[in-house]
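> Next up is a structure, given as structure tokens.
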Amino acid sequence: MSFEISQYKKLGSLIVVSGASGTGKSSILKPVIAEDCNLDFSVSCTTRKPRPGERDSVDYYFIDVDKFQKLIEEDAFIEHANVHGNYYGTLKSEVEGALQQGKDVLLDIDIQGALSIRKNFSKETLIGRLAEFVFIMPPSYEELERRLRGRGTESEESLKKRLLNAREEMNHFLEYDYCILNSDLYKAIGNFKSIIESFRCKTRSFISK
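Under the numbering used here, think of the first position of the sequence shown as 83, with each following residue one higher.
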């Protein structure tokens, strides 16, 4: 029997991206999402209030705590976590549906959520098989603090808490598959694009029809 690539179905890749607040995740991810038509941004649920410019069902699904708890009971999330006093969760149905259609799915989630996926989904599951983990790192802790202070959106107490959490989160970067140092934004964007292309060449995303 001759080989035919048409005998196989190409699944998408699950690209899990994390990094502490102020590392520049959004600045890296947004231009890549805008120009890559096969890359889907997974919209997470959250109980926090929208920030200026954020849109419901585009940036997040903004829901109340009762609705979030109901979704937990229904096992609707791939992962969920409490971050800075607010709940965040990734809907299983959205991610699995896109992967089956061959779309690459981008998850911008906190470190708790990313490590939860790595722990709870083995390579025998669809999500565990297709997931790759990318950590965005600031050039230094001092630069991270400068960026966060430059936002001017938080009290000193809130800022100190966020910086303390960031230091702890950065200690987990070795638990990821890739680490991008965001000292030069354009270089970081290029590195992220290269990582995505490497995912798409992996044989593990092909299954028999």
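The beta-carbon is built from N, C-alpha and C at its ideal position, and this holds for glycine as well.
The structure displayed is predicted, hence computed values, not measured ones.
Use the C-beta contact count for Thr207: other C-beta atoms within 10 angstroms, 16 or more gives buried, fewer gives exposed.
exposed
> Relative to the alpha-carbon of Gly106, which residue among Glu225, Lys242, Glu238 and His162 has its alpha-carbon at the smallest distance?
Glu225
> For Gly234 and Thr129, I'd like the C-alpha separation in whole angstroms.
23 Å
> I think Arg229 touches Gly104, with their Cβ atoms under 8 Å apart; what is that distance to the nearest whole Å?
4 Å
> Cα-Cα, which of Ile262, Leu197, Arg286 and Asp266 is closest to Ser276?
Answer by Cα proximity: Ile262.
> With Ile262 as the anchor, note down where its beta strand (DSSP E) starts and where it stops.
Tyr260 to Leu263
> Of the choices Glu257, His166, Gly167 and Tyr142, whose alpha-carbon is the least far from that of Ser124?
With distances taken between Cα atoms, Ser124 lies closest to Tyr142.
> Please go through the same chain and pick out, in chain order, the residues whose beta-carbon is closer than 6 Å to the beta-carbon of Asp259, but skip the five residues on each side of it.
Within the same chain, and ignoring the five residues on either side of Asp259 in sequence, the residues whose Cβ sits closer than 6 Å to its Cβ are Glu214 and Phe215.
> Does the segment 197-206 come close enough to the segment 243-251 that 3 or more CB-CB pairs lie under 8 Å?
no
> Might you give, ordered along the chain, the residues of its own chain that have their beta carbon closer than 6 Å to the beta carbon of Ser265, omitting 5 neighbours on each side?
Pro221
> For Phe196 and Leu173, which I take to be in contact (beta-carbon distance under 8 Å), what is that distance rounded to the nearest angstrom?
Checking the sequence, you will find Ala at residue 196 rather than Phe. With 8 Å as the limit, Ala196 and Leu173 do not qualify as a contact, their Cβ atoms being about 16 Å apart.
> Can you pull the DSSP bridge partners for Ile289?
Lys91
> Kindly indicate which residue of Phe274, Glu156, Lys291 and Lys149 has the alpha-carbon position closest to the one of Glu117.
Phe274
> Would Glu161 pass as a contact of Ile191 if the rule is Cβ separation under 8 Å?
yes
> Taking buried to mean at least 16 other C-beta atoms within 10 Å of its own C-beta, is Gly171 buried or exposed?
With 16 or more other Cβ atoms within 10 Å, it is buried.
> Between the beta-carbon of Asp122 and the beta-carbon of Val187, is there less than 8 Å?
Contact flag set, yes.
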